[in-house]
Structure formats: C-alpha cells, structure tokens
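Report on the structure given below.
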Amino acid sequence: MHQMADPSTQGEQVQNKDDLYREFYNGMQMKYLRSVVCGEIIEEHRRKPLGQHSEPLERLLLFFRRLPNAGKLVVKRDETAGCFRIAALSGERGRAPTLVEDRRYATLDDAYHGIFLRQIDELMGAESG
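For the sequence shown, the residue numbers in the working numbering are 1007 to 1135.
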C-alpha cells in the first residue's frame, strides 16, 4: 500500500532541494568565474567599467549584481569633498550604507573599479574558505 507524504514536511523538502541546487549552481558558477579572472579582465574593467563587455567579464559582473543586498558594495558620493567612496548596504530598509574604507576616488569610474577589485578579492578568497 502506497503511503502519502506528510504535507507539513513536503514544502520543507522542496525548499531544501531548491537550496541544495542553488548552492551547487553557485559553487559551479564561482569555480568558472575564478578561472576567468586574469589581468586582461581586470584591465578591461578598469578601462571601461560600464557598458558592453567581453562575455567572461559580463558573467562576472552579473554574478556580482545578483549578490544579496546585505553587504552589497555601492558608490556613495561625498558632496563635501567632491569625491566618491565605497559603502556597503545594510540590507535593512531605512538604514544608511556604511563606508567600508577611507579611500576616496576622484571619478565615478574609479569607484566602480574599486568595488570590482574588492569583489574579485572576495571571490578569489572564497576559493580557500
């Protein structure tokens, strides 16, 4: 006789499978992205942080854009100093981003590249952790 699954745990099982697949996919994605990080990709981004990019750089940028909002790096304009700074989002509505470094960037493109370099460091560091 066939027993029916307990409906109270069925949603949890599906959620766990979704989480497992997402974790597997992200792991495979990160492995690929680590393999494409090189001086050429970093230089391509430095020259042109916005706009159309090569396929490997575009994949890196899309991966970074999909990161959770909590801790996501953003550019913050420092009106008083006439420069740009890097801040991290809190992930909580109404809570201001917090600066992540003292460095000041003269241009918006320089600040975007600063964020990119930090994200690359984090991605490459995740390999060992």
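Idealized CB from N, CA, C, for every residue including glycine.
Which of helix, strand or coil DSSP assigns to residue i
i	result
L1123	helix
L1039	helix
L1079	strand
D1084	strand
R1028	helix
D1012	Any answer about D1012 is weak, because its pLDDT of 49 lies below 50 and its placement is not dependable; what the coordinates show is given next. In this structure, D1012 counts as coil in the three-state DSSP scheme.
A1094	strand
L1105	strand
M1007	Confidence in M1007 is poor, its pLDDT being 44 and thus under 50, which makes the residue's placement too unreliable to answer from.
Pairwise C-alpha distance: residue j and residue i
i	j	result
D1108	V1042	30 Å
G1088	Y1027	45 Å
L1123	K1054	14 Å
R1091	Q1035	29 Å
E1061	G1033	19 Å
L1114	L1129	23 Å
L1066	T1086	33 Å
Q1058	E1064	8 Å
For residue i, the residue or residues it bridges with in DSSP
i	result
K1023	Beta-bridge pairing links K1023 to no other residue.
Buried versus exposed, by CB contacts within 10 Å (16 or more), residue i
i	result
Y1118	buried
G1120	buried
L1056	exposed
L1073	exposed
L1105	exposed
L1079	buried
8 Å contact criterion, which residue i and residue j should meet: CB distance rounded
i	j	result
G1077	A1102	That pair is no contact at about 14 Å.
N1075	G1097	5 Å
Any non-hydrogen atom of the ligand SAM within 7 Å of residue i CB
i	result
R1052	Because no ligand of any kind appears in the structure shown, any question about the ligand SAM cannot be addressed here.
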